[in-house]
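K.L.:
For the first sequence, position 123 (counting from the first letter as 1) is numbered 123 according to my numbering, and the numbering increases by one without interruption.
Supplied in structure tokens, the structure appears directly below.
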Amino acid sequence: MLEIRKFHEEKDAVLTGLRKRNFSKEQLSLVDDIIRLDLTRKSQQTELDQLLAQRNSKSKEIGQLFQSGKAAEANAMKQEVQTIKDQVDQLEKGYADTQYQLQELMVQLPNLPHESVPAGSSEEDNEVYQDWADELPDLGPEALPHWELADKYGLIDFQLGAKITGAGFPLFRAKGSQLKRALINFFLAEANAAGYEEMSVPHVVNADSAYGTGSLPDKEGQMYHIEKDELYLIPTAEVPVTNVYRDVIMSATDFPVKMTAYTPCFRREAGSYGAHVKGLNRVHQFDKVEIVQIQHPEKSHDTLMEMLRHVEGLLQKLKLPYRILRLCGGDLTFASALTFDFEVWSAAQKRWLEVSSVSNFETFQSHRLKCRYRDEEGKTQLAHTLNGSALALERIVACLLENHQTADGIVIPQALVNYTGWERID
RNA sequence: GGAGAGUUGGCCGAGCGGCUUAAGGCGCACGCUUGGAAAGCGUGUAUACUCCAAAAGGGUAUCAAGGGUUCGAAUCCCUUACUCUCCGCCA
């Protein structure tokens, strides 16, 4: 959530940011509505506080009167306080109402894009930040898509997954399952080597945590909701991991905080269909190793670039053709200020598949999380939060199978052989 | 799932309707002291919102969370969450 302070002090920056998000003129009027409501809120608070102060001091006097035996005076004063209380009740209602309205508007507003975010309305307008330098591999017409390879080598059973649960819950078996486990270990080992603390976290979170990272209310429909216990299946490890720092005030020397976790991720993704969701392209449960950092505002941009290079290193070691996109204002996720997507070339499908998204949320999440640090003057300031997939497993499996297929089997890249224990699938 | 006991500031811990602007201790910071340190002494030490042009200084709220009783609630009542102990079940 944006800080209300910005609306008063940097209104132009707010408007500029929202325009980059393609806000219409009517939508932009929200900004003035918010400023107006907040001014109302302030005056209501001042009035309310004054009344409460009166009530407190008079109540104290009543106590003293009783103690000195002046019951008659005390009882008279009770009447006075009673009338103050009635006013307080009235004002409190108005104040709560203003707060509620303000909150309703504030949660509708996405993060302001970083200045480097290109203008644009859809994924067509994303900027290719770093293209695949070499020629894209051409495997010829015999190249099989991953779902056929998975079937041919007995790696993934989509029918069994559908039988046990439903569509979008593939069952990995034999070397398919081992390959996935190897990738998890490989990604975690690389993250550990880069200084990220490994964590095993709950895969189910409460509403406070979901709200803290912005999954609620913005993505309510995307999460599996366990109503009986009022809990949510995590859509990404970002939610439990970032919430480690909810309601925490750190010292500036604690930066950077680096955490990593492997988790399954659950997404309802209602309304998808067609070839784009075939095989592993889009599933309801997938695996991911996530990297998260909490950083000083002045250093967060450099940190984002460092995370970018980390993800890039993984793809290079897996020998997969990739490109990096800088998302435009229209494609940026709600909470993000700046996002780079990694796409890997799916050699048989002949299309790019998104395998990672690396984002700087600046203070948008930390404001909700109340994740703060103390600056040189001892004042509390909001920290910056960042995260990235490093990496999403299922699409990597798809691309590994397709890109490294040969006539007599699938060749495992050397970096991964240390983790699989075998060199090929045949 | 059943029964009981708890949850107070960074931490420990007192308080069980007004004498609390939350005692006392520990920790931390600064100062005095010292050749330097320790000890000792002194001062300070939460968060959010808000008033004030700003600083200084006020105000309000917060004793797990939310509601209630009362002129007044950390303290009494209700609901919820969490922690611990015992029983049951269990990888």
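Each residue gets a CB set at the ideal place from its N, CA and C atoms; glycine is no exception.
The model shown is predicted, which means the values in this text are computed figures rather than measured ones.
Can you tell me where the alpha helix (DSSP H) with TRP352 in it begins and where it stops?
P.N.:
From DSSP, TRP352 is part of no alpha helix (DSSP H) but of the beta strand (DSSP E) over 351-362.
K.L.:
Which first and last residues belong to the beta strand (DSSP E) in which VAL248 is found?
P.N.:
Residues 248-251.
K.L.:
Pull up the CB-CB distance for LEU416 and PHE186, whole angstroms please, since I reckon it's below 8 Å.
P.N.:
Contact holds; Cβ gap of about 6 Å.
K.L.:
Please report how far the alpha carbon of ARG41 lies from the alpha carbon of LEU308, in whole angstroms.
P.N.:
Each residue's Cα considered, the two are about 42 Å apart.
K.L.:
Leaving out five residues before and five after ASP38 in sequence, what residues of the same chain have Cβ atoms less than 8 Å from its Cβ?
P.N.:
Excluding residues within five positions, the ones whose Cβ falls inside 8 Å are ILE4, PHE7, HIS8, LEU102.
K.L.:
Tell me the DSSP secondary structure of MET1 in three-state form.
P.N.:
If DSSP states are grouped into helix, strand and coil, MET1 belongs with coil.
K.L.:
Does the pairing of the region 203-214 with the region 237-249 give three or more beta-carbon distances under 8 Å?
P.N.:
The region 203-214 vs the region 237-249: in contact.
K.L.:
Give the DSSP-derived three-state secondary structure of GLN295 in the structure shown.
P.N.:
Reduced to three states, the DSSP call for GLN295 is strand.
K.L.:
Taking buried to mean at least 16 other C-beta atoms within 10 Å of its own C-beta, is TYR245 buried or exposed?
P.N.:
So TYR245 ends up on the buried side.
K.L.:
On the DSSP bridge assignment, give the partners of SER346 in chain order.
P.N.:
Answer is ARG351.
K.L.:
Give me the Cα-Cα distance between LEU315 and TYR322, rounded to the nearest whole angstrom.
P.N.:
Approximately 7 Å between the Cα atoms of the pair.
K.L.:
For ASP408, which option in ASP138, LEU144, LYS11 has the closest C-alpha, if you only look at C-alpha atoms?
P.N.:
Per the Cα distances, LEU144.
K.L.:
With a Cβ-Cβ cutoff of 9 Å, do ASN360 and HIS296 count as a contact?
P.N.:
The answer is no: Cβ separation not under 9 Å.
K.L.:
Is the beta carbon of LEU327 sitting closer than 9 Å to the one on ASN126?
P.N.:
Contact: yes.
K.L.:
Assuming ILE234 contacts ASN387 (C-beta within less than 8 Å), just tell me the rounded distance between them.
P.N.:
About 13 Å separates the two Cβ atoms, so there is no contact after all.
K.L.:
So, does the region 112-128 touch the region 67-79, judging by three or more C-beta pairs under 8 Å?
P.N.:
The answer is no - the region 67-79 does not touch the region 112-128, with fewer than three Cβ pairs under 8 Å.
K.L.:
How would you write the range of the beta strand (DSSP E) that SER389 sits in, first residue to last?
P.N.:
Taken as a continuous stretch (DSSP letters only), the beta strand (DSSP E) holding SER389 covers 384-392.
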